[in-house]
Amino acid sequence: NKNNITAVKSKVVSENTKLKSVLEQYSIGKSEFIRIPNSKGDTLNGWMLKPANFDPSKKYPVLFCNYGGPGSQQVANRFGATSMWHQMLAQKGFIVVSVDNTGTGFRGEEFKKKTYLQMGKLEIEDQIDAAKWLAKMSYVDPANIGHWGWSFGGFMSSLAITKGADAFSAAVAVAPVTNWRFYDNIYTERYMRTPQENPKGYDDNSPINHVDKIRGKYLLIHGTADDNVHFQNSAQMIKALVKANVDFETMYYPDKNHGISGGADNTTYHLWTKMTNWILQNLGNENVNKTRVGSSINAPKAGF
14 NKNNITAVKS KVVSENTKLK SVLEQYSIGK SEFIRIPNSK GDTLNGWMLK PANFDPSKKY
74 PVLFCNYGGP GSQQVANRFG ATSMWHQMLA QKGFIVVSVD NTGTGFRGEE FKKKTYLQMG
134 KLEIEDQIDA AKWLAKMSYV DPANIGHWGW SFGGFMSSLA ITKGADAFSA AVAVAPVTNW
194 RFYDNIYTER YMRTPQENPK GYDDNSPINH VDKIRGKYLL IHGTADDNVH FQNSAQMIKA
254 LVKANVDFET MYYPDKNHGI SGGADNTTYH LWTKMTNWIL QNLGNENVNK TRVGSSINAP
314 KAGF
C-alpha cells in the first residue's frame, strides 16, 4: 500500500472447522449487507437473507425483523438466537431483512438523537421507506411484505401494520409497547419527557391511536406476567382493536414474563411454532413451502 505496510497472518485462533462441516449439510443462505435510502436523505444500514436456492426470476415474500430502539443495532456481522429461525424461513422461501432505522446506535449522536420527543415516528417511517424500496425489486412480492418484532420491536411491528398499512400486509408483535405512558419512566422520560410535557409525542406515535388504519393481518403475543412491558399494553391495544372492529389474532402465555420461555411446560416450542405457522399462512405466497412445522396434536397435517 501507499505507506509500504504489509500485514502478515501470524496465527489462526480458530477456524470453526467442525461448525462449517455441520452447516454444509444444510441449505444455509448467506446474508448480505445492503444500504437503503430513506425519504429524509439518510442512508440506512440493513442486511438481507435470501434462500440458498434463490431464483431472481421468482417473486419472494419478505419478512422484516426489527428492534429499532434507541442506541440499538441489529445490522452487524454476527448471528444470534433467532438467526437459525430466520434461516429456516429462508429455506421455506422467504427473504428476511433487517434495517437499522433512525435512532439506532453506532451512527453518531446526531443520528441517534433525532427521535427525541417523538419515539416511533421517524423509526417507522424508515421501515416503511425500506419496505417500499424493496417492493420495487424484481424478485420481491410487493403484496407480501411483513414485519415481526419483540418488545420495542413489537412496538415497531404494531406501527408497521397501522401507520405502514400501505407497505406491510402482515405483522407479528411479541410483548409490544403500545403506548409509552405504560412503560417505566426511567427509560421513557429519558427520550420522551413526561406525558404532561409532551402529550403529542406520546399520542401521535401510539399504535393504539392508529388501529383504524389496519388493512393486513396482525398477530399479538404477550406473557401475562410480563414485568418489563406490562400486559396492560396488549390489553389496551385489544380494546382499541375491538372498538374499531378490526379482525386480529392473539396468543397469551399465562404466568410468563417478557422472555415467554419455558422448556418443561412446552412454552418455547409452542411460541415459535405458532409464529412460524402463522407467518407461513398469512405471508407466504406460491413460492413458499407452506408445509406446517411442529407436531401439534390437533393441527392439520397438510399445508395451508
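Take the position in the sequence shown, starting the count at 1, then add 13; the result is the number in the working numbering. By construction, the Cβ of each residue, glycine as well, lies at the ideal position given by its N, Cα and C atoms.
Do you know offhand how far residue i's Cα is from residue j's?
i       : j       : result
His-223 : Val-259 : 11 Å
Lys-269 : Asp-239 : 6 Å
Gly-159 : Thr-281 : 22 Å
Arg-206 : Ala-65  : 46 Å
Phe-77  : Gln-245 : 26 Å
Gly-326 : Ser-27  : The structure shown has nothing for residue 326, since the chain only spans 14 to 317.
Glu-299 : Lys-125 : 40 Å
Ile-310 : Thr-201 : 43 Å
Tyr-265 : Pro-189 : 13 Å
Ala-180 : Phe-92  : 27 Å
Gly-316 : Val-306 : 9 Å
Thr-304 : Lys-134 : 37 Å
Ser-164 : Gly-229 : 21 Å
Ala-277 : Trp-285 : 15 Å
Asn-79  : Ala-173 : 11 Å
Would you mind reading off the limits of the beta strand (DSSP E) that contains residue i?
i       : result
Arg-228 : Element bounds for Arg-228: n/a, residue is neither H nor E.
Thr-56  : 56 to 62
Val-75  : 73 to 78
Glu-262 : 262 to 266
Asp-113 : 108 to 113
Can you tell me whether residue i is helix, strand or coil according to DSSP?
i       : result
Ser-34  : helix
Ser-151 : coil
Asn-157 : strand
Ile-49  : strand
Ser-247 : helix
Ser-308 : coil
Gly-316 : coil
Ala-183 : strand
Ser-44  : strand
His-223 : helix
His-271 : coil
From what residue to what residue does the alpha helix (DSSP H) around residue i run?
i       : result
Arg-91  : Segment: none, Arg-91 is in no alpha helix (DSSP H) and carries neither H nor E.
Phe-168 : 165 to 175
Lys-213 : 212 to 217
Gln-294 : 280 to 296
Within 10 Å of its beta-carbon, does residue i have 16 or more other beta-carbons around it, so buried, or fewer, so exposed?
i       : result
Gln-87  : buried
Val-255 : exposed
Arg-194 : buried
Ala-94  : exposed
Pro-313 : exposed
Leu-36  : exposed
Ser-123 : Sequence check: residue 123 is Glu here, not Ser. Classification for Glu-123: exposed.
Glu-262 : exposed
Lys-176 : buried
Asn-290 : buried
Across the segment 145 to 159 and the segment 56 to 72, are there enough close Cβ pairs to call them in contact, namely three or more that are closer than 8 Å? The segment 145 to 159 makes contact with the segment 56 to 72; the number of CB pairs closer than 8 Å reaches 3 or more.
The segment 45 to 60 contacting the segment 106 to 115, beta-carbon criterion three pairs below 8 Å: Touching, per the Cβ criterion.
Counting Cβ pairs, one atom from each stretch, are 3 or more of them under 8 Å apart for the segment 117 to 131 and the segment 20 to 34? no
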